[in-house]
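Chains as they are written, first to last, in UniProt numbering: chain U, 1 to 208; chain S, 1 to 441; chain Z, 1 to 196; chain V, 1 to 269; chain R, 1 to 343; chain L, 1 to 182.
Report on one structure; see the data block that follows.
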Amino acid sequence: MFKEFSKGLIKENPVFVLALGLCPALGVTSKVVNALGMGAGVIFVLLGSNIFVALLKNFIPEKVRIPAYIVIIASFVTIVEMVMEAFIPSLYESLGVFVPLIVVNCVILGRAEAFANKNNVGTSILDALGMGIGFTLALVAIALVREILGAGTVTLIPVGSWDGIITIPGLSQSPARVFSLAAGALLVMGYLQALINWATTKKAGESK
Amino acid sequence: MKGLKTFSRGGIHPHGRKNLTNKKEIVTADIPETLIVPMAQHLGAPAEVVVAAGDEIKEGMLIGKPAGFISAAVHSPVSGTVKEITDVYLANGMKSSAVVIEKEEGFIPAEKTKSDSWKSKTPQELIEIVKDSGVVGLGGATFPANVKYMVPKGEKAEYLIINAVECEPYLSADHRLMLEKASELIEGLRIISKMVEPEKVAIGIEINKPDAIEIMRKQAEAENFDLEVVPLKLKYPQGDEKQLIKAVTGREVPSGGLPIAVGCVVSNVGTVNAVYEAVALGKPLYERTVSVTGLGVKNPGNFLTRVGTPISSLLEACGGIIDNPAKVVVGGPMMGFSIYDLDTPVTKGTSGILILTDEESGSGSRTACLSCGRCVSVCPMGLNPTKMFKFVDHDDYDSAMQNNLMDCKECGCCAYACPANIPLVQGMRLGKKMARKKKVS
Amino acid sequence: MTYVGIIITFVFINNFILAQFMGLCPFIGVSKNVESAVGMGFAVTFVMSIAALATWAIQNFILVPLNIEFLQTITFILMIAALVQFVEMFIQKSSPSLYKALGIYLPLITTNCAVLGIALIAVRSDYNALESFVAGISAGLGFLLAIVLMSAIREKLDSEWVPEPLKGTPIAFITGGLMALAFMAFDKALLNNLIG
Amino acid sequence: MINRVIYAFLSVGILGGALGLALAYAAKIFAVKKDERVGALEEILPGVNCGACGYPGCSGYAEAIVMEDAEMTLCSPGGAAVAAKIGEIMGAEVNVSSEKMVAQIMCRGTRETSKTKFEYDGIQDCNALHSSFGGDKVCPYGCLGLGSCIDVCPVDAIAKTEAGYLEIDRDKCISCGKCIDVCPTGVIKMIPYNARHIVACNSTDKGGVVRKYCSVGCIGCKMCEKKSPEGGFKVENFLAAIDYSAEGSRAEAVEVCPAKCIIDLDVVE
Amino acid sequence: MSEEMKLKISSSPQIHSPASTAKIMWIVVVSLIPAGVWGVYAFGPRSILVLAASILAAVASEYLMGLVFKKSTLADGSAVLTGLLIGYNMPAEVPIYIAVLASVFAIVIVKWTFGGLGTNWMNPALAGRVFVFFSWTGGMSRWSMPHMVPDTVSGASPLGFLKTNMMTFSGTSSGPMDFLAGQNYPVDSYMDLFIGRIPGCIGEVSALLLLIGGIFLIILKIVNWEIPVFYIGSFALLTWIFGGMGFGNGFFSGDILFHLFTGGLMLGALFMATDMVTSPITRKGMIIYAIGCGFLTFLIRFYGSFPEGVSLAIILMNIFVPLINRATQPVKFGNLPKEKKND
Amino acid sequence: MTDMLKTGSKLALICAVAALCLGAVNMVTEPQIAKFRAAKLQEALGQVSPGGAIGEEVAADDAVVISYYPVEDSGAISGYILNLKGAGYGGDLIILASFKPDGELIGSVLMEHDETPGLGKEAENDWYMKKYLGFKGGNIPTSKTQLSQADADAISGATITYTGIGNALIAGSDFAVELGGK
Ligand SMILES: Cc1cc2nc3c(=O)[nH]c(=O)nc-3n(C[C@H](O)[C@H](O)[C@H](O)COP(=O)(O)O)c2cc1C
Ligand SMILES: Cc1cc2nc3c(=O)[nH]c(=O)nc-3n(C[C@H](O)[C@H](O)[C@H](O)COP(=O)(O)O)c2cc1C
Ligand SMILES: Cc1cc2nc3c(=O)[nH]c(=O)nc-3n(C[C@H](O)[C@H](O)[C@H](O)COP(=O)(O)O)c2cc1C
Ligand SMILES: Cc1cc2nc3c(=O)[nH]c(=O)nc-3n(C[C@H](O)[C@H](O)[C@H](O)CO)c2cc1C
Ligand code: SF4
Ligand code: SF4
Ligand code: SF4
Ligand code: SF4
Ligand code: FES
């Protein structure tokens, strides 16, 4: 049981290993806080859609499977979007356009297709949580590197009077701006993935 | 030198060093006590041994009979006793069975006299003689000459082109042959013409042999033989028949096709001489001219050598070699093979023996390919050597084949030019070998 | 904006892959060789252009008149999903080899952000029907350009000895990063100067 | 306000219904028949794409089983278990007699232990080297050590040891036979997985000759036959071989072999 | 010959041309030196510091990567060349960390990520330069006047000056030279541009010395003439046709000389677009590539937001090289159309 | 056929139900969102306001000025708050700026933009906008040369943004003057 949950963290990490959901992984990761917000949104949508797909899998006809799934997903996304905008406007502000993008996050449909479609509600929930958390971890990792290198800061959630921004002295005066742009995002993604490859193969070698 | 003919694409100009031997007259080499006569001296199936250990044999006697359509007879170069039948490595790194002959004491080579009786023979009979004499192409490919001269039905040989290019650096055996045996060569040409029935006979000679151009022109005129002498611009590998045909006639032999597809038959001058000797003198092919040269030889020269002579014995004739040569090469420096065993025998295809010093071989350390494109621009076959090599390097033989690996003729231009010192030709060979192996399994 | 402007914008300046972070999954997944990259590129171009047009119709004939724009996401994606599935069935029938090459990525066009992206962008930019269509094609062509270039590079890298942990997708990302670096030459100022 | 909810309900419902209908219709006209079994087979095949079956990868084999009635026992990595499952899917009885086999390199000679005849300068590939006079080792039978087999092994079972010879990890080997195909000297042989010993030499030269060029080569002295008669040793052509169906002890032979070329695979050096 | 002596066996050909990778690289380094000496003379000792920093950083990175991947590649000279070219592409007043990071990016990310020498598909030096340019635009724009030029305006390269000041300029002028003169920019003649009496990157200003070095390389056949000729040619042609439009002069009135001798075109066309690793392999491919470089340089320089455009144009074309190579395979011998087969 | 109908209706059902749910959620959230937006606007207006009562939004027919709010202080027009559209590096810049009736700039904020982080995005900050304050009409700086060396360095690398904002503000200032205290 626990495996359904834990596999998403590293072994089948949606971003680094399955290479899904790449656009948000790169698009929102110029700041750590965005990564966190995006991750939260994705976890919610993944949970909702995995539950509903698992529930409805027998009801939905094969031929319209994907349209049906995506409608379910889109509903959850729209709900997240509307609720967030209405009740936590500050978070909505900082995530901006990335919330509707959750719809097209390949991870979500991918999980609906590959997992919830074949499993019961309980395991689907675990899968969703695992994948969602794995996704969030990946985003945060990317965002940390990008923000530190590209802006010299780490932006977290503001608490009280603290604005949530940690500034790295020196770096923040003249950061390597490219890392906050598209090019840097792709580079960071590549190297992180390579790092994970290297670490996992090394581990496999050691456990032998 | 403008206006001289040559082939159009690729090619290189390696340092020549022909002057080491091209003034040296051909001398007859001493015949050693023991000769090793391999059965696989030609392209195609190795000959079948027809003698056994202990047999007494005579000079010129058949010791290996052709084992198929593309195969050639092998004759004893001396009189003596068969010591054993064994396996030896040839210069090309392959194994072949060989007849080891102990020369009889006091052996004196027979004198042959010229006869004109061939003039009354039919082309077919002449081809038979060529076949029975074990004549193969001496230009390097050692293709059985009788097969080549049998123009297939429906084809017509417009051109008989004599390959006197000798584009390989160092070598001068063909050059000397023309200077010393012009008359015999013209007679040989008459014989071949009778078999092949060409409309025109041309001889291609590179411009670095002006004396040969001169002498062939004069001799043909003197003997009233219609021979077009074509001086060619200096460029390696002009001696390759495809390039030669392109240079002389402007025609391109189609990929995978034979010269006859564009109406040509190409023969090396040495082959012409061998045909002359076989037909007019009745002497099978067991002797050839070998250039022994290179900066590592004390007295380089050209030697009329019996097939089966161990290389070490030839080297003695040149006064020995320097202490630590970089390589000993059989054949020309571009296409030849390096050997490790100096007792490797001379075969019909051995055109030269080179003792190279480090300075000459000029090999540096290998680096990664720079994509400089030199290999592409020098490849006379219009191939992309680096691409093929990379496929071979990644064991992707199918892709290498799709990139025309089989069109590569291993001329070596690419590897010669490559600044990264990549053994491109070896890669091509390996690729072909593995592709064949894969096909079989 | 003129049509030329739209084309330049979406092919070069706002190239979906190299500047907008949209459509990366198929970009990484289907760029291993040129043939399938070309196939994928055209499939995406086709879907994007039709999707831009279809969603324009939904927006202007259904959502706006009924004042239910909050359903944009769900209706657009529904339309796109249906379209993609249609294309998928069509390709499967008409060109099994292409279908095989595109494999699991065809269904993923549904979730290719680029398709929804162009639909939303076209609507937000107030494009008319033809402009939406042109924007769709151009964005698709931008994707095609990027993925074909990427696949040619990856084919080349296939015959090099790329360090082991970097093989596969990591090197593709890094390649994409360097491409994006170069594509920063195409900025909005360039567009403004070119078409005034 | 409530109007909009109704509009939403109706319009999206109608849109969905229309698209659903269209798709259902399209599914009918574009229907492509696909054999479910291919997918099922693909799932149970191990997915190493080693090609041992002779088809292009696992999916190629899966297709071949369904479409071309290919043999069901060709997957050596999968072994008996997979063959049985294939049989299940195809609804056929499959006889698998197989004991797991693994490849082993029958040579432990290195450039230190074996004499060489020349200095090789060229592509580091066994086949390329072998084309030149059978390789630089005087011994024409042994492993050339350039590791062409390492490159083709799909599961990285072969590795060069520190001592310089190559070793195959029998736990990793999936007996695909690729190394055997690629090796130019034929020094790799299949042995049963359970076999503990190999005679690590492939030279059929006479003992005296072997001794001249290799210090770890089998000289055909027959000591193993004598000391471990129940071990299945047999010397033919001056080379010892083991008949693995014999199950007796071989320990003594390991001890006495003067060339030390009988290797106990369980003893890690 | 002694008994122990073992002969070397290698595949044909048994002889080899004197060319080698290291020789090529070091000759290119040598041919670049005159232009660098001029740069040091013009911009003062700080340029030595910049050059040293970039070269040392490149060599150190190469050394470290060599350790990681167990290859020793320092002797082939390519890292020194990359570092040198990066230094040449830096303004003399650039902060040292920028020069260092450009070299590190070039060697580690652009070159060794793909496997080291020969495997990279993008020009390392240029990618490194573009990376730092986009990251630290300000630091990369610290120009200084050559010491022999009276410092009337704060340093800016002629092209940069032209670009920024044209934005807010409302008068008229007949062309770039006239414009610069009108704004008191201290360039009097094309000779200033040609010799290198202008602000700019350390190694790019002396068109004269770069040309000499480049022609030397062409004569030695180390670079193919096609790339520089078609690059410069296509750029000059486009400049001539469209270059005058910005000054309201209509077609065919561009100032070719001005544009040829400014903004690193010579350095780029002769020494960087010609990097064999990142340029096409066949002659046809090289021509396509060079024309592409010319076009993009023109586009970026005249319409983009960056003043010069050479580096970006070359790395953009680098992206196309694998595709160009695919499309321009050599035609093999004997591969004739059917009807042409016999004559 | 019935099969097809069944498929169609099932999808229809899912869609309809989804839409219904969304409609329901929307009914709750929409007023909330509207309220929040209004509050946000008020906040921004307050930020730039010269002080006084902010009047109704008036649409403007101008290339740069989208709309404006007159501000009244004790009966007289004390200034205007303008909604401006400028051209930035990454696209349109939406600026809210307040001017005295004589055109002097008293406050401005960048509301919407698409500029590069670290470059044009700096314009979101107060210190950035301060460089324009207090000027009017053509005196509002648009180029680095009009700034001190330190200020010029601060905006270096993003002159397009700087010029774009400056130009929009000039147009705004002129517009305010033209309104003439009405
Ligand atoms: C199967 C085969 C058949 C050949 N038949 C002919 C032929 O009919 N006529 C001919 O002139 N040459 C023939 N050749 C010889 C080739 O054209 C060529 O001379 C030979 O392969 C060596 O050429 P090279 O030294 O250029 O490699 C044949 C070669 C092969 C392999
Ligand atoms: C790269 C290359 C170079 C060659 N150079 C010569 C040469 O210099 N002289 C020559 O007679 N044959 C040369 N040949 C062999 C010719 O292609 C051809 O086989 C020969 O001229 C045919 O005549 P033959 O059968 O009488 O030997 C060369 C072949 C190759 C592949
Ligand atoms: C990645 C990147 C982002 C840029 N972003 C902006 C921007 O946000 N605002 C801007 O005005 N210019 C931007 N530019 C444009 C250039 O920096 C332009 O050359 C600059 O505005 C000129 O200003 P300068 O004269 O101060 O260097 C950007 C350029 C690059 C390469
Ligand atoms: C003619 C020539 C030009 C070169 N130009 C560059 C260059 O612009 N940038 C660079 O990093 N290396 C250059 N190199 C060096 C080398 O090719 C380069 O480091 C490789 O790209 C590294 O794989 C050049 C080499 C030669 C021979
Ligand atoms: S060896 Fe082959 S590839 Fe190389 S140049 Fe000669 S024909 Fe071309
Ligand atoms: S000549 Fe050598 S370095 Fe140049 S492209 Fe060919 S293989 Fe590569
Ligand atoms: S392929 Fe054969 S010769 Fe080569 S290393 Fe492997 S076992 Fe040894
Ligand atoms: S060791 Fe040989 S048989 Fe075993 S898996 Fe590797 S290649 Fe296949
Ligand atoms: S294509 Fe955008 S997330 Fe996958």
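Idealized CB from N, CA, C, for every residue including glycine.
As the structure is a computational prediction, the values presented were derived from the model and not from experiment.
- Under a three-way DSSP split, which group does L:Gly-86 fall into? Here residue 86 of chain L refers to the residue found at position 86 of the sixth sequence. In the structure shown, L:Gly-86 sits in a strand (DSSP, three-state: E or B).
- Task: For V:Thr-185, go through chain R and note every residue whose CB falls closer than 8 Å to its CB, in chain order.
- Result: Here the question's residue 185 of chain V lines up with position 185 in the fourth sequence. Residues of chain R passing the Cβ test: none, with the nearest at roughly 17 Å.
- Task: Return no unless some Cβ of chain V is closer than 9 Å to the Cβ of S:Lys-283.
- Result: To locate residue 283 of chain S, count along the second sequence from 1; it is residue 283. Answer no: the Cβ-Cβ gap between S:Lys-283 and chain V never drops below 9 Å.
- Assigned exposure category for L:Met-27 - 16 Cβ within 10 Å defines buried: The count along the sixth sequence starts at 1 and reaches residue 27 of chain L at position 27. Exposed.
- Using DSSP with H/G/I as helix, E/B as strand and the rest coil, what is V:Val-216? Taking the first residue of the fourth sequence as 1, we reach residue 216 of chain V at position 216. Reduced to three states, the DSSP call for V:Val-216 is coil.
- Message: Just to confirm before moving on: does the CB-CB distance between S:Asp-17 and S:Thr-350 stay below 9 Å?
- Response: Here residue 17 of chain S refers to the residue found at position 17 of the second sequence. Here residue 350 of chain S refers to the residue found at position 350 of the second sequence. Position check: residue 17 of chain S holds Arg in this sequence, whereas Asp was assumed. For S:Arg-17 and S:Thr-350, no; Cβs fall outside 9 Å.
- Item | Best match in Z:Ser-151, Z:Phe-86 and Z:Gly-29 for proximity to Z:Glu-35 [C-alpha to C-alpha] | Taking the third sequence and counting its residues from 1, the one referred to as residue 35 of chain Z is at position 35. It is Z:Ser-151 whose Cα lies nearest to the Cα of Z:Glu-35.
- R:Ser-103 CB to nearest chain L CB: under 9 Å? The residue given as residue 103 of chain R occupies position 103 in the fifth sequence. No, R:Ser-103 lies away from the interface with chain L (no Cβ there is under 9 Å from its Cβ).
- Alpha carbon to alpha carbon, how far is S:Arg-379 from U:Lys-7? Within the second sequence, numbered from 1, the residue matching residue 379 of chain S stands at position 379. Within the first sequence, numbered from 1, the residue matching residue 7 of chain U stands at position 7. A quick correction: the sequence has Cys, not Arg, at residue 379 of chain S. If I take the Cα positions, the gap works out to 54 Å.
- Is any heavy atom of ligand 5 found at a distance shorter than 8 Å from the C-beta of S:Glu-410? Taking the second sequence and counting its residues from 1, the one referred to as residue 410 of chain S is at position 410. Within the cutoff, so yes.
- Task: Confirm the yes/no value for this check: CB of Z:Leu-24, any heavy atom of ligand 9, distance under 8 Å.
- Result: Residue 24 of chain Z sits at position 24 when you count from the first residue of the third sequence. For ligand 9, at least one heavy atom lies less than 8 Å from the Cβ of Z:Leu-24.
- Query: What does a CB cutoff of less than 8 Å around L:Asp-62 pick up in its chain, not counting 5 residues either side in sequence?
  - Reply: Counted from its first residue, the sixth sequence places residue 62 of chain L at position 62. Within the same chain, L:Asp-62 has close Cβ partners Ala-171 and Phe-175.
- Task: To the nearest angstrom, report how far apart L:Gly-166 and R:Lys-163 are at their CA atoms.
- Result: Translated into positions along the sixth sequence, residue 166 of chain L becomes position 166. Translated into positions along the fifth sequence, residue 163 of chain R becomes position 163. When rounded, the distance between both Cα atoms is 19 Å.
- Query: Do S:Gly-134 and S:Phe-143 have their CB atoms nearer than 9 Å?
  - Reply: The residue given as residue 134 of chain S occupies position 134 in the second sequence. The residue given as residue 143 of chain S occupies position 143 in the second sequence. For S:Gly-134 and S:Phe-143, no; Cβs fall outside 9 Å.
- Environment of L:Asp-102 [buried if 16+ CB atoms lie within 10 Å]: For the purposes of this step, residue 102 of chain L is identified with residue 102 of the sixth sequence, where counting begins at 1. Burial call: exposed.
- Taking just the CA atoms, how far does S:Lys-156 sit from S:Ile-260? Along the second sequence, read from residue 1 onward, the residue named residue 260 of chain S stands at position 260. Along the second sequence, read from residue 1 onward, the residue named residue 156 of chain S stands at position 156. When rounded, the distance between both Cα atoms is 7 Å.
- Message: For L:Gln-42 and R:Ile-98, what's the separation of their Cα atoms in angstroms?
- Response: As a working mapping, residue 42 of chain L is identified with position 42 in the sixth sequence. As a working mapping, residue 98 of chain R is identified with position 98 in the fifth sequence. So the alpha carbons of these two residues sit roughly 45 Å apart.
- Message: Taking CB distances under 9 Å as the criterion, tell me whether U:Val-64 reaches chain V.
- Response: Here the question's residue 64 of chain U lines up with position 64 in the first sequence. So yes, U:Val-64 belongs to the interface.
- Item | Contacting positions in the region 151-169 of chain L - beta carbon closer than 9 Å to chain R | Asp-153, Ser-156, Gly-157, Ala-158, Thr-159, Ile-160 and Thr-163
- State the Cα-Cα distance for the pair V:Ser-131 and R:Val-50, rounded to the nearest angstrom. Position 131 of the fourth sequence, counted from the start, is the residue given in the question as residue 131 of chain V. Position 50 of the fifth sequence, counted from the start, is the residue given in the question as residue 50 of chain R. So the two alpha carbons sit approximately 53 Å from each other.
- Task: Look up S:Leu-160 in the DSSP assignment and give the residues it is bridged to.
- Result: By one-based count along the second sequence, residue 160 of chain S stands at place 160. S:Val-201 and S:Val-265, per the DSSP bridge assignment.
- Which residue comes first and which comes last in the alpha helix (DSSP H) that contains R:Leu-99? Your numbering for residue 99 of chain R matches position 99 in the fifth sequence. Here residue 99 of chain R turns out to be Ala, not Leu, going by the sequence shown. Counting along the chain, the alpha helix (DSSP H) containing R:Ala-99 begins and ends at 96-104.
- Query: Any idea which residues DSSP pairs S:Val-27 with across the strands?
  - Reply: The residue labelled residue 27 of chain S in the question sits at position 27 within the second sequence. Paired residues: S:Phe-303.
- Task: Please determine if the region 250-264 of chain R and the region 118-128 of chain R are in contact, where contact requires at least 3 C-beta pairs separated by less than 8 Å.
- Result: no
- Message: Considering Cα atoms alone, identify which of U:Ile-60, U:Thr-201, U:Cys-23 and U:Lys-31 is closest to L:Leu-13.
- Response: Residue numbering aside, residue 13 of chain L sits at position 13 when the sixth sequence is read from its first letter. Looking at the Cα atoms, U:Ile-60 is the closest of the given residues.
- Could I get the ranges of all uninterrupted alpha helix (DSSP H) runs contained in the region 46-132 of chain S, with 4 residues as the minimum, in chain order? 123-132
- Starting from L:Leu-110 and walking both ways along the beta strand (DSSP E), at which residues does that stretch end? Stepping through the sixth sequence from its first residue, residue 110 of chain L is reached at position 110. 105-112 is the extent of the beta strand (DSSP E) around L:Leu-110.
- Do V:Val-127 and V:Ser-148 have their C-beta atoms within less than 9 Å of each other? Working through the fourth sequence from its first residue, we reach residue 127 of chain V at position 127. Working through the fourth sequence from its first residue, we reach residue 148 of chain V at position 148. One detail in the question is off: residue 127 of chain V reads as Asn in this sequence, not Val. Result yes, Cβ atoms of V:Asn-127 and V:Ser-148 sit closer than 9 Å.
- Check whether the Cβ of V:Cys-149 lies closer than 8 Å to any heavy atom of ligand 7, and answer yes or no. For the purposes of this step, residue 149 of chain V is taken as the residue at position 149 of the fourth sequence. For ligand 7, at least one heavy atom lies less than 8 Å from the Cβ of V:Cys-149.
- In chain order, what residues of the same chain lie with their CB nearer than 7 Å to the CB of U:Ser-180, ignoring the 5 residues before and after it? Residue 180 of chain U sits at position 180 when you count from the first residue of the first sequence. Cβ within range, chain order: Ser-30, Arg-146, Gly-150 and Ala-151.
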